[in-house]
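Enquirer: Order-wise, the sequence lines are chains A and B. Mapped onto full-length UniProt numbering, the consecutive letters of the first sequence carry residue numbers 1 to 444. Mapped onto full-length UniProt numbering, the consecutive letters of the second sequence carry residue numbers 1 to 444.
2 protein chains.
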Amino acid sequence: MTRIKVHTKAPTFFRDCRPFILAVFVAILLLYALWSFTETAWTNLSVSAIFSNATTDHCTSQPQSLNRTHDPPEPTFYDDPELCYTLDKPIDNWDDKRKSWLKLHPSFADNVQDRILLLTGSQPSPCKSPIGDHLLLRGFKNKADYCRIHGYDIFYSNACFDPKLCNVWAKVAVIRASMVAHPEAEWIWWMDSDAIITDMDFKIPLQRYKEHNLVVPGWPNLVYEKKSWVAVNTGSFLMRNCEWSLEFLDVWASMSPRSPDYKYWSETLMSTLSDKVIPGADEQSSLVYLLLREKKKWGDMIYLENQYYLHGYWVEIVGRLNNIIKKYLDTEAKVPVLRRRVAEVVSESLDGVWERYLRDAGGFGNSGWRRPFITHFTGCQPCTGKHDPAYKGNACWVAMEKSLNFADNQVLRRYGFMHPDLGNGSSVFPVPFDFPADEKEELV
Amino acid sequence: MTRIKVHTKAPTFFRDCRPFILAVFVAILLLYALWSFTETAWTNLSVSAIFSNATTDHCTSQPQSLNRTHDPPEPTFYDDPELCYTLDKPIDNWDDKRKSWLKLHPSFADNVQDRILLLTGSQPSPCKSPIGDHLLLRGFKNKADYCRIHGYDIFYSNACFDPKLCNVWAKVAVIRASMVAHPEAEWIWWMDSDAIITDMDFKIPLQRYKEHNLVVPGWPNLVYEKKSWVAVNTGSFLMRNCEWSLEFLDVWASMSPRSPDYKYWSETLMSTLSDKVIPGADEQSSLVYLLLREKKKWGDMIYLENQYYLHGYWVEIVGRLNNIIKKYLDTEAKVPVLRRRVAEVVSESLDGVWERYLRDAGGFGNSGWRRPFITHFTGCQPCTGKHDPAYKGNACWVAMEKSLNFADNQVLRRYGFMHPDLGNGSSVFPVPFDFPADEKEELV
Numbered sequence: 001m002t003r004i005k006v007h008t009k010a011p012t013f014f015r016d017c018r019p020f021i022l023a024v025f026v027a028i029l030l031l032y033a034l035w036s037f038t039e040t041a042w043t044n045l046s047v048s049a050i051f052s053n054a055t056t057d058h059c060t061s062q063p064q065s066l067n068r069t070h071d072p073p074e075p076t077f078y079d080d081p082e083l084c085y086t087l088d089k090p091i092d093n094w095d096d097k098r099k100s101w102l103k104l105h106p107s108f109a110d111n112v113q114d115r116i117l118l119l120t121g122s123q124p125s126p127c128k129s130p131i132g133d134h135l136l137l138r139g140f141k142n143k144a145d146y147c148r149i150h151g152y153d154i155f156y157s158n159a160c161f162d163p164k165l166c167n168v169w170a171k172v173a174v175i176r177a178s179m180v181a182h183p184e185a186e187w188i189w190w191m192d193s194d195a196i197i198t199d200m201d202f203k204i205p206l207q208r209y210k211e212h213n214l215v216v217p218g219w220p221n222l223v224y225e226k227k228s229w230v231a232v233n234t235g236s237f238l239m240r241n242c243e244w245s246l247e248f249l250d251v252w253a254s255m256s257p258r259s260p261d262y263k264y265w266s267e268t269l270m271s272t273l274s275d276k277v278i279p280g281a282d283e284q285s286s287l288v289y290l291l292l293r294e295k296k297k298w299g300d301m302i303y304l305e306n307q308y309y310l311h312g313y314w315v316e317i318v319g320r321l322n323n324i325i326k327k328y329l330d331t332e333a334k335v336p337v338l339r340r341r342v343a344e345v346v347s348e349s350l351d352g353v354w355e356r357y358l359r360d361a362g363g364f365g366n367s368g369w370r371r372p373f374i375t376h377f378t379g380c381q382p383c384t385g386k387h388d389p390a391y392k393g394n395a396c397w398v399a400m401e402k403s404l405n406f407a408d409n410q411v412l413r414r415y416g417f418m419h420p421d422l423g424n425g426s427s428v429f430p431v432p433f434d435f436p437a438d439e440k441e442e443l444v
Numbered sequence: 001m002t003r004i005k006v007h008t009k010a011p012t013f014f015r016d017c018r019p020f021i022l023a024v025f026v027a028i029l030l031l032y033a034l035w036s037f038t039e040t041a042w043t044n045l046s047v048s049a050i051f052s053n054a055t056t057d058h059c060t061s062q063p064q065s066l067n068r069t070h071d072p073p074e075p076t077f078y079d080d081p082e083l084c085y086t087l088d089k090p091i092d093n094w095d096d097k098r099k100s101w102l103k104l105h106p107s108f109a110d111n112v113q114d115r116i117l118l119l120t121g122s123q124p125s126p127c128k129s130p131i132g133d134h135l136l137l138r139g140f141k142n143k144a145d146y147c148r149i150h151g152y153d154i155f156y157s158n159a160c161f162d163p164k165l166c167n168v169w170a171k172v173a174v175i176r177a178s179m180v181a182h183p184e185a186e187w188i189w190w191m192d193s194d195a196i197i198t199d200m201d202f203k204i205p206l207q208r209y210k211e212h213n214l215v216v217p218g219w220p221n222l223v224y225e226k227k228s229w230v231a232v233n234t235g236s237f238l239m240r241n242c243e244w245s246l247e248f249l250d251v252w253a254s255m256s257p258r259s260p261d262y263k264y265w266s267e268t269l270m271s272t273l274s275d276k277v278i279p280g281a282d283e284q285s286s287l288v289y290l291l292l293r294e295k296k297k298w299g300d301m302i303y304l305e306n307q308y309y310l311h312g313y314w315v316e317i318v319g320r321l322n323n324i325i326k327k328y329l330d331t332e333a334k335v336p337v338l339r340r341r342v343a344e345v346v347s348e349s350l351d352g353v354w355e356r357y358l359r360d361a362g363g364f365g366n367s368g369w370r371r372p373f374i375t376h377f378t379g380c381q382p383c384t385g386k387h388d389p390a391y392k393g394n395a396c397w398v399a400m401e402k403s404l405n406f407a408d409n410q411v412l413r414r415y416g417f418m419h420p421d422l423g424n425g426s427s428v429f430p431v432p433f434d435f436p437a438d439e440k441e442e443l444v
């Protein structure tokens, strides 16, 4: 009976509950359909979300190339009749003006903090020394090579921007004009024509100068204790393109021949600095004076760099070049990746590897074998030819030729050639594949 | 009755067909759910599609900046021991090798078709002429200024890459080495040291040369009818960095002093060319010969450019410079936007505006007043000083000084200065705001 009961109950239940089951089934389908619809909507929404994030990230991580053809009509500081390129009028709020310009030219805002403009130059007329202009030509090529390798701009000035500053002070007027002409450049790097870059791979550690506006080779004890006019060297220095620098240039130039107080400054510098013998207020002595007397006002923003040869005295350096070549070739002979041939535009890719092996090079001082970044031929006067009598005979010209070829070998190598003899720039040899695995003695 | 029949039929029908209706309803829901599911899947699929297209387009429109620090370990042509920088061995499949390198260095692949490397140079030793090296220095500055303004790289060679090519042929060895050293450069632009860029704004119309590999100033009738050795000029020409060019360089160099057949070629050129008087196979006569005798093999890929001064003979040009200055200043006086001060890096932004006003300038020929792109001091020999006797006295040096200052004024102006007297590069004046609205007579 029970069995029958059960038997009879089942179909009854099935028959009675059919609408309920269908309802549940329908409900499930409705829920899934509804979910699918929301899912679709969500996915559609996420397309734009992912798109915008993706593209933003993508192009932030890969800064765009410079857009040289775009200059929007919006007014900039260039449209201000009061703003000039000369030292005659100060520029107010330069930082804001430069920032606004960069905002209107976004492709130049990318990586602006790493952008350097190298300035150098010489007198407008031919040199008196028969070898002078040839050395100027090679000195310019040396700097142009460095700038091409690292992607920096270079401007050679052979005009005198201020009739009263046609001497060691000329750089001040050129720097001032160039800051206005190059709002895209964060740093202006001045190099005298007799300074030569002798490490083509070295990159200026700009990160180190985040909190500074003027980076000049210098030694604090020589400034503040010895009060020496050679406590700094203005043959190679970096200046940030900012308001502070413009103000500093004005104050600096106020000690120059363009100032009515020039005579006063000449006397003051002679009496203040312990070892100044050449009369007249020169730009280097004036900088030492400002550090001494206006330290509070300027000192904190001036970085005295002596951890590498931002300026290196040639007499300390040239005698060590052969040993430096030998050490670098030894290292390359040991480390295949360092002698791998690469395109010149990616030479920087080896910097990291080199650093590992240069740890043993003993710093940048006299003792070490690291290439000096800059070799400065102070006192050689290649253009006039009237070198310091302390340098006997052809010492200056022989040393300059050697240093220029030392640097040129680092460049020529990327074109497949090298000078076998640093004393003679005329001859080159084709660099064999995998050099200097076997042939390193060729250059030593 | 009928009504009742109808009445009774209806519920019967409803009751009997309920499963069918439910089935249809369920089917519709299933279809919608299924469609939603497919739709979701399709949308998900399209995320990646849209993403990849979007980012590609996005970054094509804003090419990334050059990545100089990245050189992947994957082997390139640089790792092939057989590949050399000299003319001694041909390079097979250079186009593929260069393409593979660009693939490994994507930041250099962007806009590669517009990338130019300007090559120039002079002898390794000082010039014999007392003014020679000074003119070389200014000639290099002139080219470096142009390259900085337009974002091109420049390499100055004062080494002799092939001991047998230390003369007019030197350029062939330098071009060959530079193509290997610069796979990122689509075009190599050779300029002799005595050629000066006298229109700093003009951009080489690379689009015009899409189908060509060598662009040289030339006149078909002088080549094919007159068979003249001056039918082309090799003082300024463009060569595409490609397989065709490497093959052409090999054939070209096979007529040079490095070839055992040099004597044969010297005689052949003298007898073939109608007006060649200087003995010896020079690179210019050899190019004319290849056009004449191997037109089928090379001619189609060589563009003879005579629509602008890719090379301009100085004697035809220098006398017209004052009038050209006057016409440009007149135009600027009329059109405020042309005298607006701009940052040097965006000088190109005015090119389009200038073109509108230069339509009346009457082309690039003698008659017109458009700035000549390049003024070539053929026959002046600034380095030796031994100019063509046809040029009396100081004619060459006076003309070079004038042309250099003419060009320099276009550059200096972006730094706020100009030379008042083209005959004297030593003096400059600060350019007044809105110049030359009123002061245009100053320069005429």
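From the three backbone atoms N, C-alpha and C, an ideal C-beta is built for every residue, glycine too.
Restricting to runs no shorter than 3 residues, where is the beta strand (DSSP E) found entirely within the stretch 138-186 of chain A?
Expert: 153-157
Enquirer: When you compare the CB positions of ARG148(B) and LEU404(B), do they come within less than 7 angstroms of one another, or not?
Expert: no
Enquirer: Please tell me whether TYR156(A) has its Cβ less than 7 angstroms away from any Cβ of chain B.
Expert: yes
Enquirer: Would you list, in chain order, the members of the stretch 126-146 of chain B that have their beta-carbon closer than 9 angstroms to a beta-carbon of chain A?
Expert: PRO126, CYS127, PRO130, ILE131, GLY132, ASP133, HIS134, LEU135, LEU136, LEU137, ARG138, PHE140, LYS141, ALA144, ASP145
Enquirer: At the level of alpha carbons, what is the spacing between ALA170(A) and PHE248(A)?
Expert: 15 angstroms
Enquirer: Apart from the five residues just before and just after ALA144(A), which ones in its own chain have a Cβ nearer than 6 angstroms to its Cβ?
Expert: ILE154
Enquirer: Note down the Cα distance separating ASN306(B) from PRO217(B), rounded to an integer number of angstroms.
Expert: Rounded to whole angstroms, the separation of the alpha carbons of PRO217(B) and ASN306(B) is 6 angstroms.
Enquirer: Which value, in whole angstroms, describes the spacing of the CA atoms of GLU211(A) and MET301(A)?
Expert: Here the C-alpha atom of GLU211(A) lies approximately 7 angstroms from the C-alpha atom of MET301(A).
Enquirer: Mind pulling the chain B residues with CB within less than 8 angstroms of ASN241(A)?
Expert: Chain B residues near ASN241(A): none, gap ~12 angstroms exceeds 8 angstroms.
Enquirer: Would a C-beta distance cut-off of 7 angstroms place PHE406(B) and THR198(B) closer than the cut-off?
Expert: The criterion of a C-beta distance shorter than 7 angstroms is satisfied by PHE406(B) and THR198(B).
Enquirer: Drop a sphere of 10 angstroms on the beta-carbon of LEU34(A), count the other beta-carbons inside from all chains shown, and report buried for 16 or more, exposed for fewer.
Expert: For LEU34(A), the predicted structure reports a pLDDT of 48, less than 50, and the residue's modelled location is therefore unreliable. The matter cannot be settled from this model.
Enquirer: Could you give the uninterrupted runs of the beta strand (DSSP E) lying entirely in the stretch 323-386 of chain B, keeping only those of 3 residues or more?
Expert: The qualifying runs are 374-376.
Enquirer: For GLY425(A) and chain B, any beta-carbon pair shorter than 7 angstroms?
Expert: yes
Enquirer: What do you get for ASP57(A), buried or exposed, if any count of 16 or more other CB atoms within 10 angstroms of its CB means buried?
Expert: Confidence at ASP57(A) is low in this model, with a pLDDT of 39, below 50, so the placement of that residue is unreliable and no value is reported for it.
Enquirer: Helix, strand or coil: how does DSSP classify GLY299(A) here?
Expert: helix
Enquirer: Contact criterion: CB-CB distance below 7 angstroms. Does SER349(A) meet it with respect to chain B?
Expert: yes
Enquirer: For my contact list, SER178(B) and TYR415(A) are in at a C-beta cut-off of 8 angstroms; report their separation, rounded to the angstrom.
Expert: 6 angstroms
Enquirer: Under a three-way DSSP split, which group does TYR309(B) fall into?
Expert: coil
Enquirer: Sort out for me which residues DSSP pairs GLU400(A) with in a bridge.
Expert: What sits at residue 400(A) in the sequence shown is Met, not Glu. Note: MET400(A) sits in no beta bridge, so no partner.
Enquirer: Thinking C-alpha only, which one of THR120(B), ASP330(B), VAL232(B) is nearest ASP360(B)?
Expert: ASP330(B)
Enquirer: Could you say which of PRO430(A), ALA390(A), PHE435(A) lies nearest to ALA159(B) if we only look at CA atoms?
Expert: PRO430(A)
Enquirer: Which term fits THR69(A), buried or exposed, when burial requires 16 or more other beta carbons within 10 angstroms of its beta carbon?
Expert: exposed
Enquirer: For chain A, is any of its Cβ atoms less than 7 angstroms away from the one on GLY416(B)?
Expert: yes
Enquirer: Any Cβ of chain B within less than 7 angstroms of the Cβ of GLU305(A)?
Expert: no
Enquirer: Taking PRO63(A) as the reference, which of ILE91(B), THR86(B), SER107(B) has the closest Cα?
Expert: Ranking ILE91(B), THR86(B), SER107(B) by Cα distance to PRO63(A) puts SER107(B) first.
Enquirer: Once DSSP output is grouped into helix, strand and coil, what is the label at GLY393(A)?
Expert: GLY393(A) falls in the coil class under three-state DSSP.
Enquirer: What residues in the stretch 230-259 of chain A bring their beta carbon closer than 8 angstroms to a beta carbon of chain B?
Expert: none
Enquirer: Does the Cβ of CYS147(B) lie closer than 6 angstroms to at least one heavy atom of the ligand PLP?
Expert: Only the bare structure without any ligand can be found here, which leaves the ligand PLP out of the picture.
Enquirer: Would you kindly work out how many angstroms separate the C-alpha atoms of TYR309(A) and SER157(B), rounded to a whole number?
Expert: 27 angstroms
Enquirer: Using a Cβ-Cβ cut-off of less than 8 angstroms, give me the residues of the stretch 195-216 of chain A that come near chain B, in sequence order.
Expert: none
Enquirer: Please classify TYR264(B) as buried or exposed, where buried requires at least 16 other C-beta atoms within 10 Å of its C-beta.
Expert: Counting of Cβ neighbours within 10 angstroms places TYR264(B) among the exposed residues, the total staying below 16.
Enquirer: Okay, do the stretch 188-207 of chain A and the stretch 371-379 of chain A touch, 3+ Cβ pairs below 8 angstroms being the bar?
Expert: yes
Enquirer: Classify ALA407(B) as helix, strand or coil using the three-state DSSP reduction.
Expert: helix
Enquirer: Can you check whether the CB of LEU83(A) is closer than 7 angstroms to the CB of ILE91(A)?
Expert: yes
Enquirer: For ILE278(A), count neighbouring Cβ atoms within 10 angstroms of its own Cβ and tell me buried if that reaches 16, exposed if not.
Expert: exposed
Enquirer: PRO130(B): buried (16+ other C-beta within 10 angstroms of its C-beta) or exposed?
Expert: exposed
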